[in-house]
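Residue numbers (the numbering used here): -1 to 239. For glycine and all other residues, C-beta sits at the position ideal for the given N, C-alpha and C. The structure appears right after this line, and notes come after that.
Written out as structure tokens, the structure reads:
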């Protein structure tokens, strides 16, 4: 682990003891999180795990607390995910209030504004890096299965773990999207092949809105504004509260 040897060599500050968690955690400085994540991604391909950035101690505790309310085991959650048709799921949500979803379209902004930076290792208000963050080694090579392993969601408007997994696989197949971060209230993806036209971006933005209404309500303010953020974007960030 060359990066980690370099990080802690001749350092007077050692990483704090990681909190209890069902899977192995690697603790690194927040400012080193993206480099550490990249190295662990390379290791994971050989060793059969998927590294996911979880944020600080409070974020890890939130994931643990929320997950404790999900009664099904990982295998059952994964099996349920296979029964979900993502396109049918989107349509079912839209049919609940078609006029409402159509009314949120808005107008295209003059300029596209794709998102490129990860946020899981940063403080929400200041954008500064958290002092220390944890990266979990999830025992699967398939990033879309992470929500079932971590038991993410199934509270308020946040979808249940099988829904996250089914949609993540759909977006992985279509856009090369991979889950790389979560704080329990957020899920963050890197994106290899984002949409490159406004038509495709608007369709994706609608999917994002159906999946995570706060992407519009507490962020972009309209579906087409959101489209301008996903066109060419290398990162997607979803949050629920």
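DSSP lists 135 as the beta-bridge partner residues of residue 49.
Partner residues in the beta bridge of residue 188, as assigned by DSSP, are 176 and 233.
Contact check for residue 235 against residue 176 fails: the beta carbons are separated by 8 Å or more. With fewer than 16 other beta carbons inside 10 angstroms of its own, residue 215 counts as exposed. Membership of residue 228 in the alpha helix (DSSP H) is indicated by the continuous run 221 to 228. Under the 10 Å beta carbon count, residue 77 is surrounded by fewer than 16 other beta carbons and is classified as exposed.
In this model, residue 226 and residue 220 are separated by some 10 Å (Cα to Cα).
By the C-beta density criterion, residue 180 is buried, having at least 16 other C-beta atoms within 10 angstroms. Only residues of its own chain outside the window of five on either side were considered, and among them 189, 190, 191, 192, 193 and 202 have a CB closer than 8 Å to the CB of residue 173, listed in chain order. Remark: C-beta atoms of residue 116 and residue 32 approach each other more closely than 8 Å. In chain order, 17, 19, 52 and 132 place their CB closer than 7 Å to the CB of residue 58, counting only its own chain and leaving out the 5 sequence neighbours on each side. Contact between residue 68 and residue 149 holds, with the beta-carbon distance rounding to 4 Å and staying under 8 Å. In this structure residue 167 touches residue 142 by the C-beta definition: roughly 4 Å separates them, less than 8 Å. Spatial neighbours of residue 211 in its own chain (CB-CB distance under 8 Å, excluding positions within 5 residues in sequence) are listed in chain order as 155. Within the same chain, 110, 112, 192 and 194 come within 7 Å of residue 230 by CB-CB distance, once the 5 residues on both sides are set aside. The C-beta distance from residue 145 to residue 82 rounds to 12 Å, too long to fall under 8 Å, and the pair is not in contact.
Only buried fits residue 199, as 16 or more other CB atoms lie within 10 angstroms of its CB. Taking a 10 Å sphere around the C-beta of residue 85, we find fewer than 16 other C-beta atoms and assign the residue as exposed.
Bridge pairing for residue 35: absent [DSSP]. By the neighbour-count definition (other C-beta atoms within 10 Å, threshold 16), residue 98 is an exposed residue. Partner residues in the beta bridge of residue 27, as assigned by DSSP, are 130. Here residue 60 carries a helix assignment [DSSP, helix/strand/coil].
DSSP places residue 153 within a strand segment (E or B) once states are collapsed to three. Close CB contacts of residue 40 within its chain, under the 7 Å cut and outside five residues either way in sequence, are absent. In this model, residue 114 and residue 56 are separated by some 25 Å (Cα to Cα).
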